[in-house]
Amino acid sequence: MDAIIGFFNTPEFIIVSGVSTAFAVIAWLTVIWSVSKGVLPTLWRLGLSLSGRKIAVFANGDHFKSLEALLRDSGIF
1156 MDAIIGFFNT PEFIIVSGVS TAFAVIAWLT VIWSVSKGVL PTLWRLGLSL SGRKIAVFAN
1216 GDHFKSLEAL LRDSGIF
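Counting with the numbering used here, you get residues 1156 to 1232 for the letters of the sequence shown.
As structure tokens, this is what we get:
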């Protein structure tokens, strides 16, 4: 057990784990920043544009009823 603990306490391992952790944190922050700048504004605008719109459904018979029920249950419109 002391050999394993000694391996994890070597300076090389500590440096590599520190660099890996720093890289992971920077990557995570980059992903959060990218999503907040790119995806969220697009979804926000899409939601605003869909909230007050009427839509036309072109279907016949049972397909119309099924599609209408699906759209109503989705809560988007």
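The C-beta atom is built at its ideal place from N, Cα and C for all residues, glycine as well.
Check residue i in the structure and name its three-state DSSP category.
i	result
PHE1213	coil
GLY1139	Given that the chain is displayed from residue 1156 to residue 1232, the structure contains no residue 1139 and the question cannot be resolved.
GLY1230	coil
THR1299	Lying before the first or after the last residue shown, residue 1299 is absent from the chain, which here runs from 1156 to 1232.
Do residue j and residue i count as a contact pair if the criterion is CB distance below 8 Å?
i	j	result
ALA1211	LEU1222	no
For chain D, is any of its Cβ atoms less than 8 Å away from the one on residue i?
i	result
GLY1173	In summary, chain D is missing from the structure at hand, where a single protein chain is found.
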